[in-house]
Each structure stands twice: as structure tokens, then as C-alpha cells.
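Here's the structure, in C-alpha cells; my notes come after.
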Amino acid sequence: MKITLNNPTDTVEEEIQERLFSMRKNWHLLKPFLNDEEVQTVLNNAMTAFCEEHPPYGGKMWVPGDAPWEYTTSAYWCDRITDKVNEDEEYQKEVKLLNEEWIEKTNLDEDDLWDDDEYREQHWARLYETYYDKHSPKEGTIEWYKFIHGCHWINQFTAALVSKALNVEAYVWQTETHTCATFLKDNIIYFADVQLEWENLDELLDFMGEEVDYYPIFESK
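By the count of this note's numbering, the sequence shown reaches residue 373 at its end, each step adding exactly one.
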């Protein structure tokens, strides 16, 4: 891509490169701006719009301070957290101890424990919830903002975050298949996506479909 830069003496044609901006590798630069007032306003407006357009199960609406990842509309996070719980050696030890205690108390066979409502709904459920919380995304981490299947909304937040953290004018690029943030810095056009982590820029660009919208996240002052 080439761009024409005008100055008082002449016109200079410069080559503009395109690069993938790694949100994870640059999280240390972005993290201090997570609670910026304007960044939070964009996040709250985007997530509220999502809930209004796609009412979640039970009619839950976005509340400022909620975790975006919890609004994922598939089992993406549940499956990953469950895998981590089941791989946790401490969890396995506690389950084994609980089962031994419950078998001694009830004289049930281990295969029959799951049929015991008190065991399943109270004792095991409390233990599992503790470890589920342990392995869930934590506030302030990039995972906290990985609202899977919600690129159109969460990458508005991405644009706001990079705009404030890097002092650039950031744009939201929305297509039929995906939405990401873009910005120009030092004659390089960067593409940023907090939701998905791409192997390279070509992989992202190949996934982008026909353009639907392209707009600055903040109006120029």
C-alpha cells in the first residue's frame, strides 16, 4: 500500500506496511488503560448493544464491571475451564478424598455416588465451583476480554484501548465475517484483535469478508 504525504515543499510517496498487532505481546502497554473512562464507555456501550440485539438466556443484561468472556454464546470457555479443572492434581486429590469420606458415610459404591443428590448438588458442586473459579479468566488479563463469537462488539473496545494506550487514531473495520481494529503508526497499518489470536496477518485478512463498515472509534476533536 502506498500513501501520498504532502508537505510545504514537495509531495512524498511512501510505502505503507501492514502488520499484525499482537494484543498479548503488548498487553503490558495496554493494561494501564483498561479502566480509562472513555475506554470503559466504549466497552459498556458495545456490550449493552450486544445484549439488546441478542438477549442472553434468562434476559441477563450487561452490567458495568461484568466479565466480557462470560457473555460468550457457546461452550468455548466452559470446555476449556473444565479441562483445566480435570487436569488439576489438587482437584483430583480433593475429589478422591471427598468420595472416600462419602462412601464411608453412606456405604454407597463409588459408581453410585453421582446418583446421590446431596453428594452431587452440595458437596461435589461446591468443590467443583471452587476450582472452576480458580481456572476462570481473571480481571485484568487478556483472557477476561475474550468474548468469543462477539468480535463485532469486543473489538470496538480493542480500538478504544489501542487508541488511548498508543495515542493513535484507531478504526473499527467490520466485515460480513469478522470485525477487528486498525490504526496507523510510524507509517505502518496495524490490525488488532483481542478476541482471536492469529498466526499471521494473512490469516486474519483471509478471514475478513466483504466490508460492511469502517469508522473511527473516537470522533476527531
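Just so it is clear, CB atoms sit at the ideal spot from N, CA and C, and this is done for glycine as well.
From what residue to what residue does the beta strand (DSSP E) around D235 run? Note, D235: premise wrong, no beta strand (DSSP E); alpha helix (DSSP H) at 228-239.
Which one or two residues does DSSP pair with V324 in a beta bridge? A333, Y367
Please state the DSSP three-state secondary structure of R272. helix
First and last residue of the uninterrupted beta strand (DSSP E) at R171: 169-173
Using 8 angstroms for Cβ pairs, my map puts T331 next to N307. What's the rounded Cβ distance? 5 angstroms
Euclidean distance between Cα positions of W305 and L265: 43 angstroms
Can you give me the C-alpha to C-alpha distance between T156 and D338, rounded to a whole angstrom? Per-residue confidence for T156 stands at a pLDDT of 36, beneath the threshold of 50, marking its modelled position as unreliable; the derived number appears in the next sentence. Using only the alpha carbons, I get a separation of about 14 angstroms.
CB contact flag (W221, W296, <8 angstroms): yes
Could you check whether the Cβ of Y367 sits closer than 7 angstroms to any heavy atom belonging to the ligand NAD? Absent from the structure shown: the ligand NAD. Ligands present: none.
How long is the line joining the alpha carbons of G292 and K298, rounded to whole angstroms? 12 angstroms
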